[in-house]
Amino acid sequence: MQVPHGLDRVPASEAVDAASRSEGTSSQDVAGSASGKVHAGPPPVVAARLASVDALRGCTVAAMLLVNNPGDWSHIFGPLRHADWHGWTVTDLIFPFFLFIVGTSLALSLGARLEDGLADHRAMRRSVVLRGMRVLLLGLALNALAWWLLDRPALRWPGVLQRIGLCIALTGLIVTWPVMRSRAVAVLSVLMVGYAALLLAGGTLVPELDIASRVDAWLFGPHGYRWNAQTGLGRDPEGLVSTLGALATTLLGFVLGDAVRRGQVKRVLGTGIVLALCGWGLDAVGAMPINKALWTPSFVLWTGGLAAIALATSHWLVDVKGAPPLGRRFGVNAIAAYAGAWLGSILLAASGWMPWLYGHVFGALLGGWGPKVQSLGFALTVVAVWWLVMLMLDRRRIYLKL
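The structure is reproduced here in structure tokens:
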């Protein structure tokens, strides 16, 4: 059920499905089910929604909230920062993991219907594209609110939700087109090679002088993340050009998610290992650096490979072995958690209470441990507060559907 303007209660059928997910149960179609029986014939097709995917998505969202909400941006532990340019940290894995899971979720929800010769592909395409556009508009609305309430010099057009929305819409256009879907791997390969050629043709990968930054500065000007009016240079980590790499990550998630849907989990694990090694190798030999800001092809391979390994591992632990789906509360309400935390941070900053709260409350509790621990404590509190909110929504079977 789609509720484009807010929260609503799901119908009974979805509530039953949500209840089964909350207990960590999986479909009887999942390979290696509790019966332990081996079935002859083609690999089984798993359920359209897996507790393991909800759990992995939820852990990713929790990590997003953690790194996006430090108490003090000048005091952050190294792993919780993005790499300055080339290279990567644990934080740089979070966004590509989320987009990979977006692709996986599309494969699980659309896969069987796409194979049905009687399915209305045009209606599916329209539904996915509209959903992507709603996510994009939500991101723009939150950016506009921050610009208005926090008196920022210019409205930033790109953003995390905008990129997610674009990737949902573009992936939906590709995979619901029968000719394109049958050649998804070829489309992904062409996209990767073409983007690599574009970056190399730009002549340099120096910050703000690379082709992605130059194009984004020309398109967005002061409406990007960083902009120098005197030089005309700037860059945006969620800019338009680097979204080509992000789209490749989402398509990769779709391709490997479709393999999970068909029960080919070992293939997903093996492919993930190979992709991660290829991405690391391209960076090691200097052919293409791993760079999150540019979302380079080596970054796609490295993070996509690690995400595939995480997906296969989560599937084995949660769906096959019955481990608790940790993070599921965030996973079934991912947009509500991310957008809600963002809205909360905007309102807290606009209220003027943030300095007092951070200095007097968190300073009194954690200040003696050092500024980085105090900053981390605030971020962990944000995660805990929103986990409680998601817990209450989940218990009432309330989910945000865009």
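So the sequence shown is numbered by UniProt numbering: it starts at 1 and just counts up by one.
Just so it is clear, CB atoms sit at the ideal spot from N, CA and C, and this is done for glycine as well.
Can you check whether the CB of Asp-210 is closer than 8 Å to the CB of Gly-239? Contact annotation: Gly-239 and Asp-210 have beta-carbon atoms that are not nearer than 8 Å.
DSSP three-state call for residue 406: helix, strand or coil? Because the chain spans 1 through 402 in this model, residue 406 falls outside it and cannot be assessed.
For chain B, is any of its Cβ atoms less than 8 Å away from the one on Trp-295? You won't find chain B in this structure, because it holds only one protein chain.
Just curious, the beta strand (DSSP E) that Ile-398 is in, first and last residue? Element bounds for Ile-398: 398-400.
Enumerate in chain order the residues of its own chain whose CB-to-CB distance from Arg-113 is below 7 Å, with the five nearest sequence positions on each side excluded. Once the five neighbours on either side are set aside, the close Cβ partners of Arg-113 are Ala-119 and Met-124.
Range covered by the beta strand (DSSP E) that runs through Gly-234: That run of the beta strand (DSSP E) goes 233-235.
Give me the Cα-Cα distance between Ile-323 and Asp-54, rounded to the nearest whole angstrom. One detail in the question is off: residue 323 reads as Ala in this sequence, not Ile. Straight-line Cα distance between these residues: approximately 13 Å.
By how many angstroms is the C-alpha of Tyr-195 removed from the C-alpha of Leu-366? Approximately 46 Å, taken between the alpha carbons.
Could you check what DSSP says for Arg-226 in three-state terms: helix, strand or coil? Reduced to three states, the DSSP call for Arg-226 is strand.
Alpha carbon to alpha carbon, what distance is there between Trp-316 and Asp-236? When rounded, the distance between both Cα atoms is 37 Å.
According to DSSP, is Leu-140 helix, strand or coil? Helix at Leu-140.
Assigned exposure category for Ala-248 - 16 Cβ within 10 Å defines buried: By the neighbour-count rule (16 or more Cβ atoms within 10 Å), Ala-248 is buried.
Give a yes or no on contact between the segment 76-94 and the segment 297-316, applying the rule of three or more CB pairs nearer than 8 Å. Yes, since at least three Cβ pairs between the segment 76-94 and the segment 297-316 fall closer than 8 Å, the two stretches touch.
Quick check: the Cα distance between Ala-197 and Val-241, rounded to an integer number of angstroms? Per the coordinates, the alpha-carbon of Ala-197 lies some 13 Å from the alpha-carbon of Val-241.
With a Cβ-Cβ cutoff of 8 Å, do Val-373 and Leu-65 count as a contact? In this structure, the beta-carbon distance from Val-373 to Leu-65 does not fall below 8 Å.
Is the segment 70-88 touching the segment 224-232 in the sense that three or more CB pairs, one from each, lie closer than 8 Å? When C-beta atoms of the segment 224-232 are compared with those of the segment 70-88, fewer than three pairs fall below 8 Å, so the two segments do not count as touching.
For the alpha helix (DSSP H) containing Arg-214, name the first residue and the last one. Taken as a continuous stretch (DSSP letters only), the alpha helix (DSSP H) holding Arg-214 covers 211-220.
Based on the DSSP secondary-structure assignment, which residues constitute the bridge partners of Asn-291? According to DSSP, Asn-291 bridges with His-86 and Gly-87.
Tell me which residue opens and which closes the alpha helix (DSSP H) that Trp-342 is part of. Annotation: the continuous alpha helix (DSSP H) that includes Trp-342 extends over 334-351.
Spatial neighbours of Leu-357 within its chain, please: C-beta separation below 8 Å, excluding the five flanking residues on both sides. Correct list, in chain order: Leu-348.
Could you give the DSSP three-state label for Asp-92: helix, strand or coil? DSSP places Asp-92 in helix when its eight states are reduced to three.
State yes or no: is the C-beta of Ala-62 within less than 8 Å of the C-beta of Gly-270? No, the pair does not count as a contact, with Cβ atoms beyond the cut-off.
How far does the alpha helix (DSSP H) with Ser-314 in it reach, from first residue to last? Boundaries of the alpha helix (DSSP H) harbouring Ser-314: 297-314, taken from the DSSP string.
With the cut-off set at 8 Å, would you say Phe-100 and Leu-252 are in Cβ contact? Yes, the pair counts as a contact, with Cβ atoms nearer than the cut-off.
With burial defined as no fewer than 16 other Cβ atoms inside 10 Å of the residue's Cβ, what is the status of Val-160: buried or exposed? Classification for Val-160: buried.
By the three-class DSSP mapping on this structure, what secondary structure does Leu-155 have? Here Leu-155 sits in coil by DSSP.
Which residues in the same chain as Asp-258 place their Cβ atom closer than 7 Å to its Cβ, once the five residues preceding and following it in sequence are excluded? Apart from the 5 residues on each side of it in sequence, Asp-258 sits with its Cβ closer than 7 Å to the Cβ of Ala-107 and Gly-111 in its chain, given in chain order.
Ala-154 and Pro-222 closer than 8 Å at C-beta: Yes, Cβ-Cβ distance for Ala-154 and Pro-222 is below 8 Å.
Can you tell which of Arg-329, Cys-278, Gly-279 and Asp-72 has its C-alpha closest to the C-alpha of Tyr-399? Distance check between Tyr-399 and each of Arg-329, Cys-278, Gly-279 and Asp-72 places Arg-329 closest, using alpha-carbon atoms only.
Asp-72 versus Gly-359: straight-line alpha-carbon distance, rounded: In a straight line, the C-alpha of Asp-72 is about 10 Å away from that of Gly-359.
Relative to the ligand NAD, is the shortest distance from any of its heavy atoms to the C-beta of Thr-250 smaller than 7 Å? Of ligands this structure carries none, so the ligand NAD is not represented either.
Assuming Lys-292 and Trp-157 are in contact, meaning their beta carbons sit under 8 Å apart, how far apart are those beta carbons, in whole angstroms? With a Cβ gap of about 20 Å, Lys-292 and Trp-157 do not count as contacting.
Can you list, in chain order, the residues of its chain with a C-beta nearer than 7 Å to that of Gln-162? Leave out the 5 residues immediately preceding and following it. Here the set comprises Leu-136, Gly-139, Leu-140 and Glu-238.
If we count the other Cβ atoms within 10 Å of its Cβ and call it buried at 16 or more, is Ala-201 buried or exposed? Classification for Ala-201: exposed.
Please report how far the alpha carbon of Asp-394 lies from the alpha carbon of Met-288, in whole angstroms. So the alpha carbons of these two residues sit roughly 43 Å apart.
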